[in-house]
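Residue numbering for the sequence shown is 51 to 348, as defined by the numbering used here.
Beneath this line is the structure, given in structure tokens, with notes to follow.
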Amino acid sequence: MWQGVIPAVTTKFTADDKLDYNEMERCFKFLMDAGCDGLIACGSLGEGPFLSHDERIEVLKVTKQVTGAKPALLTVAEASTREACALAEKGAKAGADGLMVVPSTIYHTNPKETVANLRAIAAAADLPVMIYSNRIAYRVDVTTDMLEELADDKRFVAVKESSDDIRRTTEIINRLGRRYDVFTGVDNLAFEALTAGAIGWVAGLVVAFPHETVAIYRLVQAGRYAEALEIYRWFRPLLDLDVSSYLVQNIKLVEAMVIDSNERVRLPRMPLEGEPRTRAEAVVKAALANRPKLPSFA
Numbered sequence: 051m052w053q054g055v056i057p058a059v060t061t062k063f064t065a066d067d068k069l070d071y072n073e074m075e076r077c078f079k080f081l082m083d084a085g086c087d088g089l090i091a092c093g094s095l096g097e098g099p100f101l102s103h104d105e106r107i108e109v110l111k112v113t114k115q116v117t118g119a120k121p122a123l124l125t126v127a128e129a130s131t132r133e134a135c136a137l138a139e140k141g142a143k144a145g146a147d148g149l150m151v152v153p154s155t156i157y158h159t160n161p162k163e164t165v166a167n168l169r170a171i172a173a174a175a176d177l178p179v180m181i182y183s184n185r186i187a188y189r190v191d192v193t194t195d196m197l198e199e200l201a202d203d204k205r206f207v208a209v210k211e212s213s214d215d216i217r218r219t220t221e222i223i224n225r226l227g228r229r230y231d232v233f234t235g236v237d238n239l240a241f242e243a244l245t246a247g248a249i250g251w252v253a254g255l256v257v258a259f260p261h262e263t264v265a266i267y268r269l270v271q272a273g274r275y276a277e278a279l280e281i282y283r284w285f286r287p288l289l290d291l292d293v294s295s296y297l298v299q300n301i302k303l304v305e306a307m308v309i310d311s312n313e314r315v316r317l318p319r320m321p322l323e324g325e326p327r328t329r330a331e332a333v334v335k336a337a338l339a340n341r342p343k344l345p346s347f348a
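As structure tokens, this is what we get:
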């Protein structure tokens with residue numbers, strides 16, 4: 051159902067901590083114009099848990115306005131099933147094309163609870179669902195066994211595989227074939243996952259470097275692995291900024307440096323300073339100084 055590069059977009063704020071609709075529209079259009087295949091609103095990178103439900107719906111509306119016929123997904127990542135279902139229903143009414151669903155972010159559910167939670171949210175919205183499996187950040191692992199158990203519900207169409215174990219992509223495909231659209235959700239494992247059979251990339255650094263991200267994806271799909279790998283090797287130091295407790299600050303700093311956006315975050319987050327900022331800036335400057343010329347592709 052879904053494939054390609056689908057960025058997890060950042061949420062833009064004004065100086066007085068309101069939603070910056072104009073800047074979001076500008077940045078989202080930049081991604082779509084570069085060839086991205088949809089957008090995901092209010093995920094971890096989008097600071098979704100720091101937004102009210104009303105704010106998340108507003109971000110979704112901007113996202114859908116920009117994506118047009120391509121999918122705009124709303125992230126559902128709530129502590130309780132009740133709140134998750136309420137947000138899922140609001141997202142469906144507001145025009146979301148689907149949901150990306152994270153199991154409970156506060157209470158670490160056991161397998162039975164995880165499956166029940168996901169089923170309830172899918173039923174509440176009655177929309178296609180991408181399951182976000184991230185045992186590192188959220189300490190709930192949606193295993194291949196659980197995906198097999200959920201496979202009887204056709205609303206579960208995709209999985210964002212972020213276990214940090216590259217073997218998992220092959221395990222899902224070996225067990226379940228193409229029942230799920232498998233996306234890689236770890237920027238610095240993207241080439242490995244795409245060449246192992248993932249058909250999509252929920253990307254982070256794409257928000258500042260969409261052309262490079264799309265090029266890697268399309269070259270892999272065309273079997274032009276050496277060309278894709280050359281770009282990926284250049285990209286890797288930047289992609290490592292996504293795998294961090296400070297991924298939001300890191301990536302918003304990159305946006306500020308590369309596409310002239312801003313790095314405003316919502317408290318308690320604060321922009322990078324000191325050595326972490328210096329290190330991230332050095333990575334960006336080095337990448338810009340050696341930015342590759344992208345090959346043409348169909």
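Yeah, the Cβ is synthetic: ideal placement off N, Cα and C, and Gly gets one too.
Buried or exposed by the 16-neighbour rule on C-beta atoms within 10 Å, applied to residue i
| i | result |
| --- | --- |
| D195 | exposed |
| R329 | exposed |
| S295 | exposed |
| T64 | exposed |
| R217 | exposed |
| A129 | exposed |
| D147 | buried |
| P153 | buried |
| S104 | Note that residue 104 is Asp in the sequence shown, not Ser. Answer is exposed; the Cβ neighbour count stays below 16. |
| M51 | exposed |
| I186 | exposed |
| S213 | buried |
| G141 | buried |
| K73 | The identity of residue 73 in the sequence shown is Glu, whereas the question assumes Lys. When all chains shown are included, E73 counts as buried. |
| A172 | buried |
| N224 | exposed |
Assumed close pair residue i, residue j - CB separation to whole angstroms, cut-off 8 Å
| i | j | result |
| --- | --- | --- |
| L89 | V59 | 5 Å |
| A174 | T155 | Their Cβ separation, rounded to whole angstroms, is 17 Å, which puts A174 and T155 out of contact at 8 Å. |
| L177 | R205 | 7 Å |
| E211 | F233 | 7 Å |
| V333 | F259 | Not quite, the Cβ-Cβ distance comes to about 12 Å (not below 8 Å), so this is no contact. |
| A144 | K120 | A144 to K120, Cβ: 17 Å. No contact. |
| N238 | W284 | Not quite, the Cβ-Cβ distance comes to about 13 Å (not below 8 Å), so this is no contact. |
| C86 | V264 | 7 Å |
| V165 | L200 | 6 Å |
| D70 | K62 | 4 Å |
| T113 | A91 | 4 Å |
| L197 | I222 | 6 Å |
8 Å Cβ cutoff met for residue i and residue j
| i | j | result |
| --- | --- | --- |
| D292 | I301 | yes |
| Q299 | P321 | yes |
| L288 | A337 | yes |
| R106 | G98 | yes |
| V190 | T159 | yes |
| L269 | E277 | yes |
| Q53 | D231 | yes |
| T131 | A170 | yes |
| I56 | V207 | no |
| L297 | L123 | no |
| V116 | M150 | no |
| P326 | E280 | no |
| V257 | E305 | yes |
| T220 | G250 | no |
| G118 | Y182 | no |
| Y275 | T245 | yes |
Counterpart residues of residue i in DSSP-defined beta bridges
| i | result |
| --- | --- |
| I181 | V151 and V209 |
| F347 | In DSSP, F347 forms no bridge with anything. |
| A58 | I90 |
| V190 | N184 |
task: Jot down the residue ranges of each uninterrupted alpha helix (DSSP H) in the segment 101-140, minimum 4 residues, whole runs only, in chain order.
output: 103-117
- prompt: Which residue spans inside the segment 211-265 form an unbroken beta strand (DSSP E) run of at least 3?
  reply: 231-234
- request: At 3 residues or longer, and completely inside the segment 65-106: list those beta strand (DSSP E) runs for me, N to C.
  value: 89-91
message: Restricting to runs no shorter than 4 residues, where is the alpha helix (DSSP H) found entirely within the segment 272-299?
response: 275-289
Minimum length 4: unbroken alpha helix (DSSP H) runs contained in the segment 295-331: 297-308
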